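Chemist: Just passing along the structure, written as structure tokens.
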């Protein structure tokens, strides 16, 4: 939400949103130093929760150096070293969004180190999967990394941005799957509902991209409208857009929402 | 929903997208000849639409995906272009 205006918070609250979860992500440019991440983590854990609180919206965050900046292993390790100091902040849910971007060896190294950090501190994990042509291969590599760390429980990891060619491998491996909705270029509400209908809703949720590109903080409520158009019951909609995220996120004792 | 209901709900939208696809291919044609791996991948993925089975979206996505298994040494940039170039390596 650091890229959005407060009008978005107002719109989300009016649409029924009861909490916002914001992962550390790429700013659209590479930070020049680890100090830039220190300031960013303060923004995510101090300032942004206060901004959301003006709209009575609880704000939670995930911390990491995102894969787009993990090609510089030296910088990434400096950032990794400062994350434990922020893990006891009251709005931090875990490590994320970690993962891969172009599926490079350095990205893999830093992903492995993030996973070890999460395991050592018993943190939930939010995983970003690569875009477009890199997603299928990257998702397979990410599953290999996660599955090779015995301290990681798949039920405490959500692998985000799944599409029709990756959702099966994620769910089959026991992880949660997230569908990220975009107004263009990636998954639409209609395709998200297709995946819900074919894959089931046991370990599935939907989320809105709310970044500096074309994105829509109300994409999940719009997907709920799509589900109603298809004849799904209010109970099914409630399970997918509220109960499932609540079930996953409540594994962190910090996560609390008004029910 | 049954087939009729799905058509009632989505046909007009899908029809519009189909015409958009056709217009895009026309635009490429008018631009003249020239090799580009994205256009080749697009045309190959398009063939998946005409094959039977309720997994066309998955097959189209796979047709546009990097099929290799190992991490690469280094990336030339951060962005993705939507298609995988070295088909001869697949």
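Protein chains in written order, with my numbering: chain A, 1 to 259; chain B, 1 to 90. Even for Gly, the Cβ is constructed at its ideal location relative to N, Cα and C. Predicted model, so just to flag it, every value in this text is computed and none were measured.
Starting from residue 117/A, find everything on chain B with Cβ-Cβ shorter than 8 Å and list it in chain order.
Modeler: Residues of chain B passing the Cβ test: none, with the nearest at roughly 20 Å.
Chemist: Where does the unbroken beta strand (DSSP E) through residue 177/A begin, and where does it stop?
Modeler: That run of the beta strand (DSSP E) goes 176-181.
Chemist: Between residue 2/A and residue 48/A, what straight-line distance do the alpha-carbon atoms span, to the nearest angstrom?
Modeler: 7 Å
Chemist: Could you check whether the stretch 5-25 of chain B touches the stretch 60-73 of chain B, counting it as contact only if at least three pairs of C-beta atoms, one from each stretch, sit closer than 8 Å?
Modeler: With a cut-off of 8 Å, the stretch 60-73 of chain B and the stretch 5-25 of chain B do not count as touching, because too few Cβ pairs lie within range.
Chemist: Which residues in chain A sit within 8 Å of residue 49/B, going by Cβ to Cβ distance?
Modeler: Residues of chain A passing the Cβ test: none, with the nearest at roughly 14 Å.
Chemist: Is DSSP giving residue 7/A helix, strand or coil here?
Modeler: Here residue 7/A sits in helix by DSSP.
Chemist: Just verifying my parser: in three-state terms, what is the DSSP assignment at residue 26/A?
Modeler: coil
Chemist: Cβ of residue 244/A less than 8 Å from any chain B Cβ?
Modeler: With respect to chain B, the C-beta atom of residue 244/A has no partner C-beta closer than 8 Å.
Chemist: Where do the N-terminal and C-terminal ends of the beta strand (DSSP E) with residue 60/A fall, by residue?
Modeler: 59-63
Chemist: Relative to the C-alpha of residue 54/B, which residue among 208/A, 219/A, 198/A and 161/A is closest?
Modeler: 198/A
Chemist: How would you list, in chain order, the residues of chain B whose beta-carbon sits under 9 Å from the beta-carbon of residue 10/A?
Modeler: Those do not exist, as residue 10/A stays about 30 Å from chain B at its closest Cβ, beyond 9 Å.
Chemist: Strictly under 8 Å for the Cβ-Cβ distance: is residue 108/A near chain B by that measure?
Modeler: yes
Chemist: Once the 5 residues before and after residue 89/B are set aside, which same chain residues still bring their CB inside 8 Å of it?
Modeler: For residue 89/B, the pLDDT reaches just 46, beneath the cut-off of 50, and the residue's location in the model is therefore unreliable, although a value from the coordinates is still provided. Excluding positions up to five away in sequence, the list reads 68.
Chemist: Could you tell me which chain B residues have their CB closer than 9 Å to the CB of residue 104/A, listed as they occur along the chain?
Modeler: 71, 72, 73, 74 and 75
Chemist: In the DSSP assignment, the alpha helix (DSSP H) including residue 12/B goes from what residue to what residue?
Modeler: 3-30
Chemist: What are the residues of the stretch 229-243 of chain A that lie near chain B, defined by any Cβ-Cβ distance shorter than 8 Å?
Modeler: 229, 230 and 231
Chemist: Any Cβ of chain B within less than 8 Å of the Cβ of residue 3/A?
Modeler: no
Chemist: So, for residue 231/A: in the same chain, excluding its five sequence neighbours on each side, which residues have a beta-carbon less than 6 Å away from its beta-carbon?
Modeler: none
Chemist: Determine the burial state of residue 203/A: buried for a count of at least 16 other Cβ atoms within 10 Å of its Cβ, exposed for fewer.
Modeler: buried
Chemist: Which complete beta strand (DSSP E) runs does the stretch 212-249 of chain A hold, if anything under 3 residues is left out?
Modeler: none
Chemist: When burial is assigned at 16 or more other CB atoms within 10 Å of the CB, is residue 10/A buried or exposed?
Modeler: exposed
Chemist: If we cut at 8 Å on Cβ distances, does residue 165/A have a partner in chain B?
Modeler: Judged by the 8 Å Cβ criterion, residue 165/A is in contact with chain B.
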